[in-house]
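Under my numbering, the first residue of the sequence shown carries the number 1310, and numbering increases by one thereafter. Inspection log for the structure reproduced underneath, given as structure tokens.
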Amino acid sequence: MRWLVVLLVLCALPAAASDVAAVRARYALKRGNHVEHLELVRAGDRVSHEFVERGVRELWQRDARGDLEHWRAYPAQGKSVHYAPGDLRTINLWPRWDALTQLISAQELASLTRNKKNVLEGTLRGQPARVEWRDDVALPRRITLGQLTMELLSVEPVSAVQSDTLESIEFADLGDKEYDPFVRRFLAHHQHEHPLH
């Protein structure tokens, strides 16, 4: 859960456009002896972040106006929760598009000092930060943010971000479905996973 919080904190700024190559990138997220893996897949107006060990997939889609939709998918349970643009505004979860597709926004990169080619250092979110950047894929090779390190393991081209074929529950309807064990578990953890609202 801490990895999701850090990722949401990195992404929690107003939405903006960015044109980047369609890729699948795999990262190792390390804090102390704990390691988790993140797979980012982006193509066109869709991007997903899959937290492999937790079995959670975050899918984002942007429309022509720049409005975002979000699905939090739990494939092992066969279900996902869908957030319409209004839901995201209500809970104050409106990430920058470039932060979703690149894991760190252009604005945040610009706030860091470039010490040498493609290595930037400074402070992000009140923590010491170091970013090694890959211009060819517009992604970090490595981010160190306080005690957390995200390291790129592999990157490859893709043609599309796959959709989930799971039962989708509307975020606005969760309160009416508390009889569902999945919904009860989701609601019990939801507040902790969205520290920004």
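For each residue, glycine too, the CB sits at the ideal point set by N, CA and C.
Could you pull out every unbroken alpha helix (DSSP H) segment of at least 4 residues lying fully inside the segment 1397-1448, listed in chain order?
Listed in chain order, they are 1406-1411 and 1415-1419.
For Trp1442, which of Arg1434, Gly1455 and Glu1417 has the nearest alpha-carbon?
Cα-wise, what sits closest to Trp1442 is Glu1417.
For Arg1374, which of Trp1406, Glu1362, Tyr1383 and Glu1348 has the nearest alpha-carbon?
Comparing Cα-Cα distances from Arg1374 to each of Trp1406, Glu1362, Tyr1383 and Glu1348, the minimum goes to Trp1406.
Can you tell me which of Leu1457, Ala1481, Ile1478 and Gln1471 puts its alpha carbon nearest to the alpha carbon of Gly1341?
Out of Leu1457, Ala1481, Ile1478 and Gln1471, Leu1457 has the C-alpha closest to the C-alpha of Gly1341.
Classify Leu1483 as helix, strand or coil using the three-state DSSP reduction.
Note: Leu1483 maps to helix in three-state DSSP.
Would you mind sorting Gln1411 into buried or exposed? The rule is 16 or more other CB atoms within 10 Å of its CB.
Counting Cβ neighbours within 10 Å, Gln1411 comes out buried, since at least 16 surround it.
Suppose you measure from the CA of Val1446 to the CA of Asp1485; what does that come to, to the nearest Å?
Taking the straight line joining both Cα atoms gives about 43 Å.
Of all the options Val1344, Ala1334 and Phe1360, which has the alpha carbon lying nearest to the alpha carbon of Arg1351?
Among Val1344, Ala1334 and Phe1360, the Cα nearest to that of Arg1351 belongs to Ala1334.
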